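Residue numbers (the numbering used here): 243 to 465. Backbone N, C-alpha and C fix where the C-beta goes; we use that ideal spot for every residue, glycine too. Just so it is clear, the structure is predicted and the values come from calculations on it, not from any experiment.
What follows is the structure in structure tokens.
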């Protein structure tokens with residue numbers, strides 16, 4: 243049995259004040275949550291709704307919002323430009339690929355530096371595609387977190403693993419905000435390997451006792 247009182251990974255990872263945020267939509271939010279959650283330097287991910295005017299959007303009543311993912315990342319390890327390049331590399335960013343606003347290509351900026359980066363990288367992508375990029379680019383104006391069942395969706399398809407992780411994350415909100423869970427969600431979707439995750443755990447700025455718990459859980463998970 244894992245003693246959950248010794249594990250508080252969120253306190254050990256980089257100070258939230260030093261993190262940056264990227265919010266974007268690129269189709270159904272389940273796969274991007276797994277994909278970006280697997281990237282070293284990404285600390286937290288969550289799915290949600292953004293970009294519209296409808297109050298209190300939900301999955302069943304999204305209104306004019308778009309399915310989005312919000313990523314918190316450590317800019318020392320991965321840059322906003324790295325995130326954006328991965329965003330545009332991973333989907334076709336033009337409107338004729340989607341139906342309605344739910345699944346459009348959408349990305350927000352939160353600072354002038356991010357806006358300038360988006361302008362530069364958009365030109366790069368247009369040169370690669372040899373056609374205009376129609377991604378909607380706009381100032382960030384709010385994000386509504388999606389329902390619990392849409393957070394770490396692929397990981398939650400493995401109830402045996404969830405039972406074991408419940409010792410570490412007894413509340414759903416803790417699982418949603420967990421870096422370790424983000425990596426596992428990516429792993430079960432096919433992003434990265436167990437060995438890569440073990441090696442990354444070794445590089446995290448966490449206490450040795452916490453690292454040992456994570457390695458123990460990772461090696462013992464039953465899917």
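{"Asked": "Could you round the C-beta distance between residue 335 and residue 376 to whole angstroms and report it? I think they count as a contact, below 8 angstroms.", "Found": "6 angstroms"}
{"Asked": "At what residue ranges does the stretch 396–432 contain a whole run of the alpha helix (DSSP H), taking only runs of 4 or more?", "Found": "401–407, 414–418, 421–430"}
{"Asked": "Does the distance from the C-beta atom of residue 277 to that of residue 434 stay below 8 angstroms?", "Found": "no"}
{"Asked": "Kindly indicate which three-state DSSP category residue 347 falls into: helix, strand or coil?", "Found": "strand"}
{"Asked": "Counting C-beta neighbours from all protein chains within 10 Å, is the total for residue 447 16 or more, i.e. buried, or is it exposed?", "Found": "exposed"}
{"Asked": "Are there three or more Cβ pairs, one per stretch, closer than 8 angstroms when the stretch 355–365 is compared with the stretch 302–310?", "Found": "no"}
{"Asked": "So the alpha helix (DSSP H) residue 323 belongs to, where does it begin and stop?", "Found": "322–331"}
{"Asked": "Buried or exposed: where does residue 405 fall if 16 or more other Cβ atoms within 10 Å of its Cβ makes it buried?", "Found": "exposed"}
{"Asked": "Would you kindly check if the distance between the Cβ of residue 290 and the Cβ of residue 390 is under 8 angstroms?", "Found": "no"}
{"Asked": "Going straight from the alpha carbon of residue 385 to that of residue 400, what length do you get?", "Found": "28 angstroms"}
{"Asked": "Just reading off the beta strand (DSSP E) that residue 284 is part of, what are its end residues?", "Found": "284–292"}
{"Asked": "Just list the residues that DSSP pairs residue 381 with in beta bridges.", "Found": "351"}
{"Asked": "Helix, strand or coil for residue 461? Go by DSSP, reduced to three states.", "Found": "helix"}
{"Asked": "Quick one: residues in its chain with C-beta nearer than 8 angstroms to the C-beta of residue 256, no 5 flanking neighbours on either side, listed in chain order?", "Found": "Unreliable positioning characterises residue 256 in this predicted model, as indicated by a pLDDT of 47, which lies under 50. A coordinate reading is not provided."}
{"Asked": "Between the C-alpha atoms of residue 372 and residue 305, what's the straight-line distance to the nearest angstrom?", "Found": "33 angstroms"}
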